[in-house]
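The numbering of the sequence shown is my numbering, which starts it at 468 and goes up by one.
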Amino acid sequence: MALSWNEIKERAVRFSKEWSDVSNENADAKPFLVEFFNVFGISRKKVATFEHRVKKIDDKDGYIDLFWKGTLLIEMKSAGKNLSKAYEQARAYLHQIPQVELPKYILVSDFTTFRLYDLEEETHHEFALAKLVDNVQFFGFIAGYQQRTYKEQDPVNIDAAELMGKLHDRLKIVGYQGHPLEVYLVRLLFCLFADDTTIFDRDIFHDFINEKTSEDGSDLAARLNELFYILNTPKENRLKNIDEHLAAFPYVNGNLFKETLPPAAFDAEMRRILLESCYLDWGKISPAIFGSMFQSVMNPKERRNLGAHYTSEKNILKLIKQLFLDDLIKEFESVKGSKSKMLDFHSRLSKLKFFDPACGCGNFLIITYRELRKLEIEILRELNKTGQGVLNIGELVWLDVDMMYGIEYEEFPARIAEVAMWLIDHQMNMAVSAEFGQYFVRLPLRKSATIIHGNALELEWEKICPKNEMSYILGNPPFIGSKLMSTKQRNEINSVFDNIKGAGVLDYVSGWYAKAAKYINGTKIKVAFVSTNSIVQGEQANILWDVLFRKYGVIVHFAHRTFKWANEAKGNAAVFCVIVGFANYDINNKVIFEYEDVKGEPHELKVKNINAYLVDARNVLLTKRRLPICDVPEISFGSMPNDGGNFLLDDNQKAEMISREPGAKAYIKPLLSAHEFLNGHNRWCIWLDGIKPNDLKGLKEIAHRVENVRRIRSESTREATKKLAAFPQLFGEIRQPSNDYILIPRHSSENRKYIPLGYFSADHIVSDSCLAVENATLYHFGILHSEMHMAWVRNTCGRIKSDFRYSNEIVYNNYPWPVNPSDKNRSAVENAAQKILLIRAEFPDTTLSNLYDPSLMPVKLTKAHQELDKAVDLAYRPQPFTSESNRMMFLFELYEQYIGGLFSNKKKK
């Protein structure tokens, strides 16, 4: 067991006095260092060797005064000798030390002065022997009190995960797999961590493997089984004559080592991997990061992008700070002056309960618990300001891991989460120890987080934790789009939503919203989930939020609008997300976090209400409409060939066909698809609507293609397609405008400020990858090409990944146009729209994709759009719009006026 800081300081004072009269290097270095280690309660023999031989660069033998593999190298010199030269000598030894044994610190001393180098942080500290008592904290790594900094891409997390992955593979090859393998690896994870963090006496797990097992690994499995049994057995119940090395291990409990596993089998290479794992500094492992990496390394596909799948701490803090942490910190600041209020606050803090119903490896729970423990340390620090000291710090630490609850679908991450909670608890206990000078460890493990292995959408949450005891629900449920879900997942969503109409478009994550809304009904529980932004866009928003608002009375308290949920690891896929915080009761201080740049930092907006689209407006829901709510031209899909490619031609195919059959020219028309329109490519189609039978018969090649279409359609397994075989000369679906029209690509990059639109005559065939607004004027073109309309698009349309998916029934038909604009305003919009078309015509060799690329857009075109934006804004109202939120608030109010308030929803007080 580690010594308290108070004990260490007392020993440091005695050590400094005893060695104040120094002599030469050789005579005194060994006893000096033995007693130096004793200051920290460590036996030198257990961790380090004297006169460790290494080959120097000149191939001569060198001798390190003291070497602790993987941790510390010490060079001693006689009093008054140059310590800088001693450091250079020590550095020279590093070239000959194996990578896994390289030390993290170098200490050089001449008996009167210490100089400690931290090789990872590239810092050093120097002080006199007499000042050791004031500097013992720099040697915390010896006693196990080391203050850790956890980097999201710290190599130790990756190295550890990769080594465990190798061990996993080797065990699986020999036939040890499934549940036993997963439990086995989690046990080894705990032992490796415990060996470096004072849960065990330092390095006894390493020494047990190194000294008590055969090099060929033949007895390693049997010895580990012995160890697992010992770790689950109270000391008073153990045999009196067991191996003294085994007897030194503490009783762990916590059910981690309770289950009897089938025996594994190791070989020399597997034993080597396990020993190599022991050399890593597991005390630097971050439980919040390593768990996800540990899970990923078990999957060969995920292993290639190791580190890509964990949730960064920064993103987790975005959620927990607004959900509860900021409020708790404010309350702490408000009660600091009163001991009784502080104690009451501490008591209430210890009774909070947190639930992640899709917890994975426990990232959200781990960070939540860590931040709460940090706050508890602040409370204890305030309560101990008298400086009288703490009699028993263990009695004052009231927060424990049993305040955390989770559900995880897969067993392995569920077990990792459970163990990771113990690991973060121990790390925070070490922080308490460092703060108050008392060693505090929770062994045997009395309490554990409640992590349920099961399906969160099928389980009754109330049975896991009664809702009258729960405080907060949080997490990031699975990101699976509606079209990517399995049949089982689709059935789960239908069940959760009681088979309501439209449930088929809901993403998988929506199930967690509905389950949470039902669970919190009639309580003060607050919820916050990270989700793909699809749940607040397009058709899905109406279906999901109609249930949440109307059936369950949900009120949104805060929201992060769309931002890029990405980590720093190479190869990771960025997801565009929102965070939605909600409850079953109203509050006054609602907040929206707006991102001008989805990769940047948000700015905070105080708002009155947050609707389904995360806008400060009433709870309006946009339903699918077949006709526009305003008196404007109707919009329709383009035509779909359903032809197996027989009606489609490129430039070469067109030219060849006309050369062989000149009469075909009259039936070949330009085809406009989104890709060709945006990228300036030509595409053609055979358009036979209205052709006479004799004319078709005279065009042999076209007739052959028509016959191919008939055959393809008749052989289809889809009944609707089979019926189309009766009309083989026509496109499968014809919706071609008879007059000029505006073309809108259905899909467009979110990087563009404006979706590029086009004006075309009826002899240009529009494909089903585009939408057409027939009989539209320049005025309509101007409105649709404006910032005002784009604000509506960004907030209401569906997405494919992050790109816009323009919807006729949700976006266009619900769009509130200016009410009775004056002739002056209408004319200003038309003139500005015409100017844009003229400027675009000045760049005939530049594609629309490039013209509307933010980094390539010509200055004059940008200015022309700004003029159009201003003209459109004035068509709505004379006052300027100050932000996108301001625009959306106005547009939703205008929308309600158009539909007469039929679908509004009053806020619940």
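Note that beta-carbon positions come from the ideal geometry of N, C-alpha and C, so glycine has one too.
Here the structure is a predicted model, which means the values were calculated and not measured.
Under 8 Å between the Cβ atoms of residue i and residue j?
i: residue 1232; j: residue 1154; result: yes
i: residue 926; j: residue 959; result: no
i: residue 745; j: residue 821; result: no
i: residue 1253; j: residue 1315; result: no
i: residue 833; j: residue 888; result: yes
i: residue 1219; j: residue 1195; result: no
i: residue 1262; j: residue 972; result: no
i: residue 1168; j: residue 1127; result: yes
i: residue 1214; j: residue 1267; result: yes
i: residue 1180; j: residue 1197; result: no
i: residue 630; j: residue 509; result: no
i: residue 964; j: residue 981; result: yes
i: residue 1227; j: residue 1210; result: yes
i: residue 1025; j: residue 1058; result: yes
i: residue 1050; j: residue 1003; result: no
i: residue 1275; j: residue 1104; result: yes
i: residue 1006; j: residue 1277; result: yes
Can you tell me whether residue i is helix, strand or coil according to DSSP?
i: residue 703; result: helix
i: residue 804; result: coil
i: residue 773; result: The pLDDT assigned to residue 773 is 39, lower than 50, so where the model puts this residue is not dependable, and the model offers no usable value.
i: residue 852; result: coil
i: residue 1231; result: coil
i: residue 684; result: coil
i: residue 487; result: coil
i: residue 1238; result: strand
i: residue 1178; result: helix
i: residue 1054; result: coil
i: residue 1160; result: helix
i: residue 998; result: strand
i: residue 1168; result: helix
i: residue 475; result: helix
i: residue 568; result: helix
i: residue 480; result: helix
i: residue 811; result: helix
i: residue 1358; result: helix
i: residue 541; result: strand
i: residue 554; result: helix
In terms of residues, what are the limits of the beta strand (DSSP E) holding residue i?
i: residue 519; result: 516-522
i: residue 600; result: Run containing residue 600: none in the beta strand (DSSP E); it sits in the alpha helix (DSSP H), 599-602.
i: residue 1137; result: 1135-1139
i: residue 1224; result: Looking at the DSSP string, residue 1224 is not in any beta strand (DSSP E), and its letter there is neither H nor E.
i: residue 1260; result: Per DSSP, residue 1260 belongs to no beta strand (DSSP E); it is in the alpha helix (DSSP H), 1254-1263.
i: residue 507; result: Element bounds for residue 507: n/a, residue is neither H nor E.
Provide the residue span of the alpha helix (DSSP H) that contains residue i, from first to last.
i: residue 954; result: 954-963
i: residue 1299; result: 1290-1308
i: residue 1272; result: Residue 1272 -> not in any alpha helix (DSSP H); beta strand (DSSP E) instead, spanning 1270-1272.
i: residue 653; result: 645-663
i: residue 1124; result: 1118-1127
i: residue 1079; result: It is not in any alpha helix (DSSP H) - residue 1079 carries neither H nor E in the DSSP assignment.
i: residue 1316; result: 1315-1318
If contacts are defined as beta-carbon pairs under 8 Å, then residue i and residue j qualify, I think. What distance do you get, rounded to the angstrom?
i: residue 939; j: residue 985; result: Their Cβ separation, rounded to whole angstroms, is 16 Å, which puts residue 939 and residue 985 out of contact at 8 Å.
i: residue 600; j: residue 483; result: 7 Å
i: residue 1107; j: residue 1235; result: 4 Å
At a Cβ threshold of 8 Å, is residue i touching chain B?
i: residue 1051; result: No chain B appears in this structure, which consists of one protein chain only.
Touch test, the stretch 1043-1051 against the stretch 1084-1101, Cβ-Cβ under 8 Å, three pairs minimum:
With a cut-off of 8 Å, the stretch 1084-1101 and the stretch 1043-1051 do not count as touching, because too few Cβ pairs lie within range.
On the three-pair Cβ rule with 8 Å, is the stretch 856-871 touching the stretch 802-818?
Contact holds between the stretch 856-871 and the stretch 802-818, because three or more Cβ pairs, one in each stretch, are under 8 Å apart.
Quick check: the stretch 512-519 against the stretch 529-545, are at least 3 beta-carbon pairs closer than 8 Å?
Result yes; three or more Cβ-Cβ pairs closer than 8 Å.
State whether the stretch 1194-1207 contacts the stretch 1074-1082, with contact taken as three or more CB pairs (one from each stretch) at a distance under 8 Å.
For the pair of segments examined, the stretch 1194-1207 was found not to touch the stretch 1074-1082: the number of CB pairs separated by less than 8 Å stays below three.
Inter-stretch contact (C-beta, 8 Å, three-pair minimum) for the stretch 970-983 and the stretch 991-1005:
Result yes; three or more Cβ-Cβ pairs closer than 8 Å.
Touching by the beta-carbon criterion (3+ pairs, under 8 Å), the stretch 906-920 and the stretch 775-794
No contact exists between the stretch 906-920 and the stretch 775-794.
Taking one C-beta from the stretch 1243-1253 and one from the stretch 1292-1302 each time, how about it: are there three or more such pairs within less than 8 Å?
Touching, yes, given that three or more Cβ pairs across the two stretches are closer than 8 Å.
Kindly confirm or deny that the stretch 1106-1124 and the stretch 1299-1309 touch, where touching means at least three C-beta pairs closer than 8 Å.
No, the stretch 1106-1124 is not in contact with the stretch 1299-1309.
Three CB pairs or more closer than 8 Å across the stretch 831-848 and the stretch 886-904
The count of Cβ pairs closer than 8 Å, one atom from the stretch 831-848 and one from the stretch 886-904, reaches three, so the stretches are in contact.
Between the stretch 729-739 and the stretch 653-660, do three or more beta carbon pairs fall short of 8 Å?
These segments do not touch.
Report yes or no: do the stretch 940-951 and the stretch 1053-1070 share at least 3 C-beta pairs separated by less than 8 Å?
Taking a cut-off of 8 Å for Cβ pairs, the stretch 940-951 and the stretch 1053-1070 do not touch, as fewer than three such pairs fall below it.
Would you call the stretch 570-577 in contact with the stretch 554-561, where contact means no fewer than 3 C-beta pairs closer than 8 Å?
The count of Cβ pairs closer than 8 Å, one atom from the stretch 570-577 and one from the stretch 554-561, reaches three, so the stretches are in contact.
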